[in-house]
Every structure is written in C-alpha cells, then in structure tokens.
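Asker:
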Amino acid sequence: MAKEFKLSRARLAELEQELHYLKTTRELEVAEHLKEARSFGDLSENSEYDEAKNEQAQLYGRIAEVENILAHAVVIDDEEPNDTADRVGLGSEVQIRDVETDEVETYLIVGSQEANPQAGKISDDSPVGRAILGKTVGSIVGVEAPAGTLQFEIVSVERKVD
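The sequence shown begins at 0 in numbering that gives the first Met the number 0 and counts up one residue at a time.
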C-alpha cells in the first residue's frame, strides 16, 4: 500500500504549481541546455553534455516525486474536525511545556511534506507529533529521546487549518 502524504490545501496548490512549472518551463530549459551541449561535439569527452544529462535526470526525478506525492495526497482540512477544540490533531497549533525545564514551545502539527521544525511546524510522524496526537489540554506525554524520556504537558490547543 502506498504511503499517504498529509497536506494542507496551500501545500497541495504549491506542489501543483511546481509540477506545472517543472513540466513546462523547466523541461524546456533543460532540453535547450542539452541541445546546446550536444553541439559541442564528441559526447564521450563533453562535460557540458554530462552536466546537462544529470540536470535532466534530476528534473525527471523531481517530477516523479511530486507526481507521487500528489497521487497519494490527503488534504488535512478534509478530515473530520476534532471531537473537541482541545484535542491535538493535524492542523492544530499546540503549546507544550517541558515538565523538567518549564520551557514552553509552540508547534503547528502538519503532514510530513510540510514539516519545518525551525519554523515551528512538526510532522505528525515525528516523535513529539506522534506522542501528542489525539491528546487533550492538561495531558502529560513522554517522548523517547537519545538523552532519555522527555515529559511534556499540553498547555493549549487551537485549530489552525487553512
């Protein structure tokens, strides 16, 4: 069974635009680069041709990757809404408090294709994401880390889906 990719509507639109760009504009640019490199003569010793072929392979690899993601995409905001406003789910903005250090962090729970921890977006497949998914405000969860088990309390949950 193929892996599902959980995406927001905004990320789905971005990927559709990227695919269109790759299949139209970018593919023509790469084809032109390849054509130009061929004109330099002997292909066995033509580094420009090798570079153009690598560029073409990377392009087709990315097109295949984006097509696979789009073919198996599940839009987050098409899911059933949370039972309660304080239950963690995809599209939830969650404040968690480290029980040991009392430090509070805010994260947006997203699908794996949108994860960006530096921007405060964590995947539902990440250790923290898996631990807090489905939990409610006030719950204490344990997350296995290399340094041992970390304990977090869910301080607040707010639905943020586009």
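Cβ coordinates follow ideal geometry from the N, Cα and C atoms, glycine included.
Rounded to the nearest angstrom, how far is the Cβ of residue 158 from that of residue 111, given a contact under 8 Å?
Answerer: That belief does not hold up - the Cβ atoms of residue 158 and residue 111 are roughly 20 Å apart, past 8 Å.
Asker: Output the distance between the C-alpha atoms of residue 9 and residue 69, rounded to the nearest integer angstrom.
Answerer: Going by the C-alpha atoms only, they are around 13 Å apart.
Asker: Since residue 130 and residue 141 are thought to touch, with beta carbons under 8 Å apart, how far apart are those beta carbons, to the nearest angstrom?
Answerer: 7 Å between Cβ atoms; contact.
Asker: What is the rounded straight-line gap between the Cα of residue 19 and the Cα of residue 62?
Answerer: Going from the Cα of residue 19 to the Cα of residue 62 covers about 9 Å.
Asker: To the nearest angstrom, how far is the alpha carbon of residue 79 from that of residue 4?
Answerer: Only weak support exists for where residue 79 lies, its pLDDT of 49 falling under 50; the value from the coordinates is given anyway. Whole-angstrom Cα-Cα distance: 17 Å.
Asker: What does the alpha-carbon distance come out to for the pair residue 34 and residue 86?
Answerer: Their backbone Cα atoms lie some 56 Å apart in a straight line.
Asker: If you draw a straight line from the C-alpha of residue 75 to the C-alpha of residue 28, how long is it?
Answerer: Computed Cα separation, rounded: 34 Å.
Asker: Give the straight-line distance between the Cα atoms of residue 93 and residue 106, rounded to the nearest whole angstrom.
Answerer: Rounded to whole angstroms, residue 93 to residue 106 spans 5 Å at the Cα level.
Asker: Quick check on residue 56: buried or exposed, where buried means 16 or more other Cβ atoms within 10 Å of its Cβ?
Answerer: That one is exposed.
Asker: Can you check DSSP and say which residues form a bridge with residue 121?
Answerer: DSSP, once it has assigned bridges, lists 108 as partnering residue 121.
Asker: According to DSSP, simplified to helix, strand and coil, what is residue 21?
Answerer: If DSSP states are grouped into helix, strand and coil, residue 21 belongs with the helices.
Asker: Who pairs with residue 5 in a beta bridge, going by DSSP?
Answerer: DSSP lists 73 as partners of residue 5.
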